[in-house]
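Step one of this worksheet: look at the structure below.
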Amino acid sequence: MLQPLIDVDTLKDALASGDVTLLDATARLPGEQTDPEADFLASRLPGARRFDIELFSDPEQSLPHMAPAAGRFARLAGELGLTRDSTIVIYDQGNIASSCRAWWLLRLFGHERVFILNGGMPAWRAAEGELEQGAPSPIVAAQYIPRLTTSLLKGLGDMLTLCASDADDVILDARSAGRFTGAAPEPRAGLSSGHMPGARNIPFGELLDANRHFLPKAALKARFGKAGAANLQTPLIATCGSGMTASVIVVGAVLAGYETVSLYDGSWAEWAATPDAPIVKGEATSGRERN
1 MLQPLIDVDT LKDALASGDV TLLDATARLP GEQTDPEADF LASRLPGARR
51 FDIELFSDPE QSLPHMAPAA GRFARLAGEL GLTRDSTIVI YDQGNIASSC
101 RAWWLLRLFG HERVFILNGG MPAWRAAEGE LEQGAPSPIV AAQYIPRLTT
151 SLLKGLGDML TLCASDADDV ILDARSAGRF TGAAPEPRAG LSSGHMPGAR
201 NIPFGELLDA NRHFLPKAAL KARFGKAGAA NLQTPLIATC GSGMTASVIV
251 VGAVLAGYET VSLYDGSWAE WAATPDAPIV KGEATSGRER N
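Residue numbering for the sequence shown follows UniProt numbering, beginning at 1 and increasing consecutively.
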């Protein structure tokens with residue numbers, strides 16, 4: 001797998017010399033008051049197209065922004081002018097999670113040449129990169145042929161089975177420490193806080209520096225090792241509130257060199273709403289906690 005990040009200088013060179021498709025994947029996270037569409041029209045990288053996370057979701061699901069069916073993904077990607085041969089660079093306006101989610105979605109449907117701009121729009125602005133505004137240029141539609149990579153995705157059944165087993169897989173939860181331990185409430189009404197049996201807590205911001213760049217490889221590996229995944233062959237499963245910030249863990253783990261990394265798409269929004277799913281309060285302990 002290609003490394004997921006590209007820096008500003010490398011992107012500038014690529015834009016000057018090659019065929020690169022830019023996607024603005026900014027999405028509004030819970031608690032934010034931003035308007036991603038308005039931000040896109042006000043300021044974006046030259047030629048960027050709008051990758052709307054909500055559109056690239058399953059409209060028949062009651063859970064937030066679940067991965068869409070392959071046919072829906074193919075249609076929407078084609079409308080953005082993407083093909084399987086496109087070299088894609090994704091960025092966002094600064095929250096990092098949405099560009100990581102878009103990267104994961106493209107990888108889920110088999111896209112190889114897809115990268116995330118490290119630091120996003122703030123890094124581009126800091127380097128005085130060119131910007132444009134107003135209505136974007138018309139897009140010439142293309143045919144996109146997806147290839148679902150099921151190893152990157154976990155469902156509720158997978159997680160229930162795992163939590164009842166002694167498997168070596170490490171579940172990594174990207175939510176805040178308070179939500180993980182149960183000391184703080186969930187932002188979604190009616191859901192208990194807490195965590196899945198055996199899960200470990202890595203609040204996603206701990207994988208980033210003060211400028212929202214990913215930490216160096218050694219620092220990332222050390223943080224994952226602290227969470228119980230010292231071996232790069234250990235299978236990792238990322239989770240969070242609804243599958244967004246978990247994707248930051250996925251990208252961080254790939255950067256650190258882990259070989260098997262997947263994402264539980266339903267995440268806590270699904271788990272905490274499932275009557276038979278066990279919920280653990282307090283700090284993580286070794287092994288799978290039994291209720």
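Where a beta carbon is used, it is the ideal one built from N, C-alpha and C, also for glycine. Note that the coordinates shown come from a computational prediction; the quantities given were computed from them, not determined experimentally.
Residues in its own chain within less than 7 angstroms of residue i by CB, not counting five upstream and five downstream?
i: Asp19; result: Thr87
i: Ala70; result: Phe109, Pro146 and Leu148
i: Ser17; result: none
i: Phe56; result: Pro68, Phe73, Leu76 and Leu105
Determine the DSSP secondary structure at residue i, reduced to helix, strand or coil.
i: Ser176; result: coil
i: Ser151; result: helix
i: Thr191; result: It is worth fixing the name first, because residue 191 is Leu in this sequence and not Thr. Leu191 falls in the coil class under three-state DSSP.
i: Leu2; result: coil
i: Val170; result: strand
i: Val8; result: helix
i: Arg290; result: Because the pLDDT of Arg290 is 38, which lies under 50, any placement of that residue in the model is unreliable, and the number read from its coordinates should be weighed accordingly. DSSP places Arg290 in coil when its eight states are reduced to three.
Assuming the contact rule is C-beta atoms closer than 8 angstroms, residue i and residue j should be a hit. Round their C-beta distance to whole Å, please.
i: Ile237; j: Ser262; result: 5 angstroms
i: Phe204; j: Val248; result: 4 angstroms
i: Ala256; j: Lys221; result: 4 angstroms
i: Asn118; j: Leu5; result: 5 angstroms
i: residue 295; j: Ile90; result: Outside the displayed span of the chain (1 to 291) sits residue 295, for which this structure offers no information.
i: Leu23; j: Ala48; result: 7 angstroms
i: Thr26; j: Ser98; result: 6 angstroms
i: Trp103; j: Val251; result: 6 angstroms
i: Ile96; j: Leu208; result: 7 angstroms
i: Arg44; j: Leu160; result: With a Cβ gap of about 42 angstroms, Arg44 and Leu160 do not count as contacting.
i: Gly94; j: Arg212; result: 7 angstroms
i: Asn201; j: Ala284; result: 6 angstroms
Is there a Cβ of chain B sitting closer than 8 angstroms to that of residue i, yes or no?
i: Leu15; result: Here chain B cannot be found, since the structure has a single protein chain.
Please work out which residues of its chain come closer than 8 angstroms, Cβ to Cβ, to residue i, disregarding the five sequence neighbours upstream and downstream, and give them in chain order.
i: Glu206; result: Arg223
i: Arg28; result: Thr34, Asp35 and Pro36
i: Glu186; result: Arg179, Ser192, Ser193, Gly241, Trp268 and Ala272
i: Arg288; result: With a pLDDT of 49 at Arg288, under the threshold of 50, the modelled position of this residue cannot be trusted; read the value that follows with caution. Contacts found: Cys163, Ala164, Ser165, Asp166, Pro197 and Gly198.
i: Val254; result: Met1, Gln3, Pro4 and Val261
i: Arg101; result: Ala25, Ala27, Ile53, His65, Gly243, Met244 and Ser247
i: residue 305; result: The structure shown has nothing for residue 305, since the chain only spans 1 to 291.
Output needed for residue i: all residues of its chain with C-beta closer than 6 angstroms, excluding positions within five of it in sequence on either side, in chain order.
i: Gly243; result: Asp265 and Ser267
i: Leu106; result: Val114
i: Ala199; result: Ile171 and Asp173
i: Glu79; result: Ala141
i: Asp92; result: Ala25, Thr26, Ser98, Ser99 and Gly120
i: Ala183; result: none
i: Pro122; result: Gly94
Task: Minimum length 4: unbroken alpha helix (DSSP H) runs contained in the UniProt domain "Rhodanese" (16-133) - done: 36-42, 70-79, 97-108 and 120-126
- [ ] Answer yes if the stretch 68-81 comes into contact with the stretch 220-228, meaning at least three C-beta pairs across the two stretches below 8 angstroms, and no otherwise.
- [x] no
- [ ] Identify every run of the alpha helix (DSSP H) within the stretch 205-276, keeping only runs that are complete inside it and at least 4 residues long; order them along the chain.
- [x] 217-226, 246-256 and 267-271
TODO: Give a yes or no on contact between the stretch 122-130 and the stretch 154-163, applying the rule of three or more CB pairs nearer than 8 angstroms.
DONE: no
Task: the stretch 79-96 touching the stretch 56-66, judged by at least three CB pairs closer than 8 angstroms - done: no
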